[in-house]
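Written out below as structure tokens is the structure these notes cover.
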Amino acid sequence: MMTGQSSRRVVQNRGIMVLAAIAAVYAGAHFTGGPSARAREAGALPPTIVPAFVYQGNPTCAGSNCHSAGEATEQSGQMIGDEYDLWTEQDPHQHAFKSLKNDLSKSIAAKMSLGDPAKAGRCLDCHAVDAPTPQRGEQFALAGGVGCEACHGPAEKYLEPHAEAGWTIAQRGELGSAGLLSKFGLIDTTDLSVRTRGCVACHLEIGRDMIDAGHPPLEFEMYAYNYYISKKPDAEFAPHWDEPVGRGNDARLWATGQAAALTAATRQLKAWKAHGWKTDEAESLEALYAAGVEVAKTHFGGGDDAAFAKATYDASKCAAAATDLAGRADVAGNAIERRVLAFGVTALGSAAFDAQEQDPVDAFWDAYDAALEAAEQGGDAYVAALAQLARIANEATK
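Those letters in the sequence shown? Residues 31 to 428, by the numbering used here.
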């Protein structure tokens, strides 16, 4: 694994440097369902909003003594100080609200009779922090998009105390993730199960009516989303968090994400059925994640996202899981699902190398490139590329 001065990870994809950036993270502890898969009840909060606490706004996280110091310095074992700068300059979530003003968003909103997409609840649920007026602080702005508090929770109660070195670590140890959320409104993104539930809140569940109106279908695989290799692979994104301690983390990301995605896909399928929408794509997606969870259970134990987040991922288990998953190529019913499966085999194979403190060999990335290219059409070339990915990972463990 390559590490930089700040210990923040750099992922190399066949000569293209892809710097990891966190996906949108909403707290699973308060999340109740995909915002686009069903209409929000009148008067109800958007499902990604933490109730009761006030959202202070992105600017309250900035400042030379806070998260826009220009460079990160070590504090309580973490590199802290440049997170706001990185989000502003190199994180696509800052563009979430702006995208509601483009022609595609306007077209979708018009077909769905939503009015201005920059004001429509179904759009704002995932393109901004649509907190109710009483929960908006003086520096809050919808135009902030999917900003700091979308991922970390409303800062009213933790903004000042968390500036003290070691405060968050101490509170996490005393209260746990659920306690941090209930007492301070702080979403513990170091808890991978919380993070993945948040990601699927907006990166998986969607209404069939929105897709029919022109919204791109959603794909989700946590490893690819965590490192932003799922889209725009020639772009560079900078991470604003530190790599977790331990080995095999790519497999942990994949397995935890599969469990969270299966739960979300099942919710989505139920919502589509309830609306009387055609459900073939939702059923196929649920089957895809069910297969992934089955592979994860077989090789890593556990069964839900919380268990997978804490499981052990050694090299032999990761390599065996890669072979198992690659052998299920037929479960992917379309190009999007084939990409998800390819990312999964890649995550497991990469983890097999990492668990042995090795970087994947060039041949591994050759097979990865071939798998993504073949994913568009599927067929024998796709199956062969997946098998090659797994084969190389297994050879590394011998």
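No residue lacks a Cβ here, since even glycine has one placed at the ideal position from N, Cα and C.
Contact under 8 Å by Cβ, residue i with residue j
i: His245; j: Ile138; result: yes
i: Ala289; j: Val325; result: no
i: Phe214; j: Val230; result: no
i: Phe373; j: Arg282; result: no
i: Ala22; j: Lys141; result: Outside the modelled stretch of the chain, which goes from 31 to 428, sits residue 22, for which no answer is possible.
i: Val375; j: Leu419; result: yes
i: Leu144; j: Cys156; result: no
i: Ser223; j: Ala341; result: no
i: Ala431; j: Tyr343; result: No information on residue 431 is available, as it lies outside the stretch 31 to 428 that the chain covers here.
i: Phe267; j: Tyr258; result: yes
i: Gly111; j: Ala92; result: no
i: Ala405; j: Arg369; result: yes
i: Pro122; j: Lys136; result: no
i: Gln165; j: Val275; result: no
i: His182; j: Thr219; result: yes
i: Glu235; j: Ala150; result: no
i: Ala352; j: Ala312; result: no
i: Leu355; j: Ala362; result: no
i: Gly357; j: Ala423; result: no
i: Gly278; j: Cys348; result: yes
i: Ala285; j: Phe330; result: yes
i: Gly167; j: Gly237; result: no
i: Lys303; j: Thr296; result: no
i: Gln169; j: Thr78; result: no
i: Gln105; j: Ala195; result: yes
i: Phe113; j: His270; result: Residue identity differs from the one stated: residue 113 is Glu in this sequence, not Phe. Going by C-beta atoms, Glu113 is nearer than 8 Å to His270.
Collapsed DSSP secondary structure at residue i in the structure displayed
i: Gln388; result: coil
i: Gln120; result: helix
i: Glu104; result: strand
i: Ala57; result: Model confidence at Ala57 stands at a pLDDT of 33, short of 50, so the residue's coordinates are unreliable and nothing is read from them.
i: Arg225; result: helix
i: Glu425; result: helix
i: Ile110; result: strand
i: Gln407; result: coil
i: Glu367; result: helix
i: Ala67; result: Its pLDDT being 42, under 50, Ala67 is placed unreliably by the model, and nothing is read from it.
i: Tyr188; result: coil
i: Ser98; result: coil
i: Trp302; result: helix
i: Phe267; result: coil
i: Asn132; result: coil
i: Ile52; result: With a pLDDT of only 27 at Ile52, under 50, the local geometry of the prediction cannot be trusted, and the value read off the model is given with reservation. Ile52: coil per DSSP, three-state reduction.
i: Met240; result: helix
i: Trp395; result: helix
i: Ala381; result: helix
i: Trp197; result: helix
i: Asp436; result: An answer regarding residue 436 cannot be provided, because it is not within the stretch 31 to 428 covered by the chain.
i: Gly374; result: helix
i: Ala362; result: coil
i: Asp218; result: coil
Short CB-CB distance (under 8 Å) between residue i and chain B
i: Pro390; result: Of the protein chains in this structure there is only one, and it is not chain B.
DSSP bridge partner residues for residue i (one or two, in chain order)
i: Ala166; result: Sequence inspection shows Arg at residue 166; the Ala mentioned does not correspond to that position. BP columns for Arg166 point to Tyr85.
Decide yes or no for the touch test of the stretch 169–187 against the stretch 116–134: beta carbon pairs closer than 8 Å, at least 3 of them. yes
Alpha helix (DSSP H) runs contained entirely in the stretch 321–355, provided each spans 4 or more residues: 335–340, all fully within the stretch 321–355.
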